[in-house]
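Protein chains in written order, with my numbering: chain A, 52 to 360; chain B, 5 to 513; chain C, 141 to 447. Idealized CB from N, CA, C, for every residue including glycine.
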């Protein structure tokens, strides 16, 4: 029972007490997180522009200016990132696509995170028949190919963004159920849970006050990774002809469309691919930073000059 | 348990794996006796009666299994193949004289009985043969064996174009082609013998030494397939393949890329039953709004030509006199304004249904066309869909509460006679027709019944009347295909290359 | 981890499998009929109806399902309409290539992730950690078909080191494996790193480390064992995704696997192949999940899965 003892002794071993630094100060200590925030600011600006004054440029076709190479700074600034195979400005299209890409990623990951965590907590904490049922439903969803689900939903209800979100959310739910369940099974056996139970805490209190905080960091890391995964699955579905289709604009769709011009115009896939990569990396870096900043035992890493220890 | 923690142990293993892979790279030097062909997709079936699907027929037709006659690639005339002559002996009966001295790959002689068996088999309900569909029509054919090398083919109804239909019936060896189930090991009379089909990987043919005609030059042919044009093109560049079909326009830039007119015609069907497209001025405006010159060489290959009707002009019954629509946005705007003035709701949103991957850059072409239409005052929204959903919009029943729409389509008349195109698309009961015009119907019926000049002229009149006075379509382009041919291979693709890869015409330098 | 537990787990899985197949059976039939796709455009109505009747699609759905069950009890998964041969043959010819590819990718990915993730966790926010985290994240955020196509253009066309595509000797495996490697690797590095940091940060280990513990390796191994739990869960999730077919990669590289087969069956509405394929893949997935549950128990004796 060494594992139990380590929890009881948890408070013997705190690092030297210092005044808690402010969030801004802690952010400044992590240059990568600062960079991530700056990038997200850029994305947010582009997103707003894409919904407003760049919206028309994103669909303006100019067959004379097809596949213009990027970084020609003497040209119209809209073409600084190049143009696509129909001569449309990549600056405008990336901005217009940001809204769709982020809306899909956030909605799908958020929905699956909440639903999956909830079900996983129930399954792991209570176990028994209900737990088994939830886990086997998760198995069923896992066994159901994403592609087929996408086809069924998009064929019957139409290939629009909301339906795509439903498909992506449903297919990601089992991952959260299984991870939460696995962690909870382990945690519920720890001594402090028994202690809380002995002190008369109700199930809800034990789950939300004692178990969820321990599970949350892993789930958030998984969620930030799933943001990338969802954007990539979206691209893959468009590649196979089952995702959202033009005239919708989305980063994933842009990557998929640009691939047929890969040998002539690398920027058609690289620019939106880069946008996906940087954005998901930014979320992940901020998630990691917050995980440290929010943890009293690890905050010291961001607190002083010895942070590089 | 105390496994030793050796991070670099794994690195060593990985490095070793990579190096050993590199050392065992296949020797890519060209074997002079093998031709490697890479296609867009794997055939689904190699049964001689499934050759209606081009993915199947381009391997089999006239390579492994042969037909009684062929349709010429340049002129739509019937040429002898396994039959040496034919004549119509009564309105319902055609007599074919067969080539003598022909043997199947299993050694059995080719006779009238084999033809009878193949035609009968192709019509067996339970086999669901793909060629049964349009090619044999709903006219059941029976046979009468006159002697070993003479056969009568008898339709229930009079049929003036039986030879055209026989050009799609591949004849397999009766002994090796079970009558009651499909075979995946075809045995025919062709210049190549089927050797093996390694599912998911390749199909291999070998030379038939006992071929009745001039023997083919290459002893062995291997077919493979890849989904991406970029990859297919790269395989020829890398000497992994000699022929790569279906190269996208943007990849078709090198000296090895050969372009051929591929018999496909692309067009957009307009729903002439629903406002505003039920007004001919609106349909004319749509045609005038398309700047076809700008699409050529950008979204479409630079060698495509502007289409004048839904078949190539050399098809029997097509009109050689029609001219392509000009680009005149001012006239288009004027026509729309005139229609609007008469109360036609030209501002109604029109859905433009497209099919993903119908041809290279399919989606982009519709986005460009949408922009062109909207520039003159239409309100068009593109909706791209997969094949099954697209077919639901293409085929009857269309549904009574449907939105007004245009639909991207493409048609390939490989049989060479207009009847295969015109009935389903223009006759009022055609399964893809959205027009209802008694004059068109009677011209089509007249042409279908007749032969020779009368047939040609009836169809031709129908095409001309439709393009000028009904305008049911926006004709776009006579399409081209591109095949990348390795420098050491002599191959000239022709208009039938989408359905037949004529291996016996290919030589190695 | 008794036999009763195993049997109960198995029977639950069996019921779930049945539920899945009912769902699949009904849903695929909601996506339209294969008749229009299979027959030429110009086929007439009589012909379309005849084919629908022959395929049994005109019967009520429960009749169709009963027939399918009866066939399955005779180990007959039906005939593929497009392939003109038994669907089971079609599926079992494709499945091994996908499973093999998935196993190689996941094996390499897990090994690399354990090494890199553990090293990164040893000095959190050190130089190696930052580089490894950024690189693995980057790898996990690139669309796989893009990596695949670029790999072909660079390593086959430009450098001439590797064959472009196809299935065969080890050199044919390099590009597909490398293409698929990044995502599992990136995800697993993050998981291993996170779990290791948490484990190494546990008070008693920190105390031990502060006192200059005699055997750092023992500590490390202990932390690694704790990190294995979440890693196995996530690796299981990845394995399930790989087993379902790496459709995009199979399409690009012409890999004769089940993913390409399934997307074609979906687009062509080849119901027999679709049902047989999903059944086969689901069995594999259920087996993977059961194996994961047992792996938990083996690694962490405190986990009482048979509760």
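When C-beta distances to chain C are compared with 7 Å, the residues of the segment 325-338 of chain A below that value are 327, 328, 331, 332 and 335, in chain order. Chain-ordered, the chain A residues with CB closer than 8 Å to the CB of residue 171 of chain C read 202, 203, 206 and 207.
Contact check for residue 208 of chain B against residue 227 of chain B passes: the beta carbons are separated by less than 9 Å.
Not flagged as an interface residue toward chain A: residue 259 of chain B, since no C-beta distance is shorter than 9 Å. It is roughly 37 Å from the alpha-carbon of residue 227 of chain C to the alpha-carbon of residue 370 of chain C.
For the set B/42, B/367 and B/69, the Cα lying nearest the Cα of residue 234 of chain B is the one of B/42.
When C-alpha distances from residue 245 of chain A are compared across A/223, A/176 and A/199, the shortest belongs to A/176. Between residue 194 of chain B and the set B/512, B/511, B/506 and B/513, the nearest pair of CA atoms involves B/506.
Residue 299 of chain C and residue 238 of chain B have their C-alpha atoms roughly 12 Å apart.
Between residue 151 of chain A and chain C, the shortest Cβ-Cβ separation is not below 9 Å. Using a Cβ-Cβ cut-off of 9 Å, residue 81 of chain A counts as an interface residue toward chain C, since at least one Cβ of chain C sits closer than that to its own. Counting along the chain, the unbroken beta strand (DSSP E) around residue 148 of chain B starts and ends at 145-151.
Residues 268 of the same chain have their beta carbon placed closer than 6 Å to that of residue 342 of chain A, with the five preceding and five following residues left out of the count.
Taking the C-beta atoms as reference points, residue 132 of chain B is found no nearer than 9 Å to residue 434 of chain C. A residue is called buried when at least 16 other Cβ atoms come within 10 angstroms of its Cβ; residue 311 of chain A meets this threshold and is buried. Among the bridge pairs identified by DSSP, residue 159 of chain B is matched with B/145.
DSSP, reduced to helix, strand and coil, places residue 298 of chain B within a helical segment of the structure shown.
Within the segment 389-455 of chain B, the complete alpha helix (DSSP H) segments at least 4 residues long are 391-398, 423-430 and 442-453, listed from N- to C-terminus. When rounded, the separation of the alpha-carbon atoms in residue 233 of chain C and residue 190 of chain B is 20 Å.
For residue 202 of chain B, the pairing in a beta bridge is given by DSSP as B/206. Identification of chain A residues near residue 152 of chain C by a Cβ-Cβ cut-off of 9 Å yields 183, 184, 186, 187 and 190, ordered along the chain. In this structure, residue 283 of chain A lies near residue 303 of chain A, with their beta-carbon atoms less than 9 Å apart. DSSP places residue 98 of chain B within a strand segment (E or B) once states are collapsed to three.
Residue range 261-274 is occupied by the beta strand (DSSP E) that includes residue 274 of chain B, with no alpha helix (DSSP H) assigned at that position. Taking CB atoms only, residue 256 of chain C has no neighbour in chain A less than 9 Å away. A distance below 7 Å between beta-carbons, with the five flanking residues on each side excluded, links residue 379 of chain C to the following residues of its chain, in chain order: 242, 246 and 428. Here residue 448 of chain B is buried. Its C-beta has 16 or more other C-beta atoms within 10 Å. Listed along chain C is no residue with a C-beta nearer than 7 Å to that of residue 87 of chain A; the closest approach is about 11 Å. Taking the Cα positions, residue 289 of chain C is about 44 Å away from residue 127 of chain B. For residue 110 of chain A, at least one C-beta of chain B is nearer than 9 Å to its own C-beta. Spatial neighbours of residue 318 of chain A in its own chain (CB-CB distance under 6 Å, excluding positions within 5 residues in sequence) are listed in chain order as 121 and 133. The DSSP assignment places complete alpha helix (DSSP H) segments of no fewer than 4 residues inside the segment 307-351 of chain A at 318-344, in order along the chain. Residues of chain A whose Cβ lies closer than 7 Å to the Cβ of residue 388 of chain B are, in chain order, 296 and 297.
Annotated as proximal: residue 320 of chain C and residue 386 of chain C, with beta-carbon spacing under 9 Å. Around the beta carbon of residue 433 of chain B, fewer than 16 other beta carbons sit within 10 angstroms, so the residue counts as exposed. An exposed status is given to residue 123 of chain A, since fewer than 16 other beta-carbon atoms sit within 10 Å of its beta-carbon.
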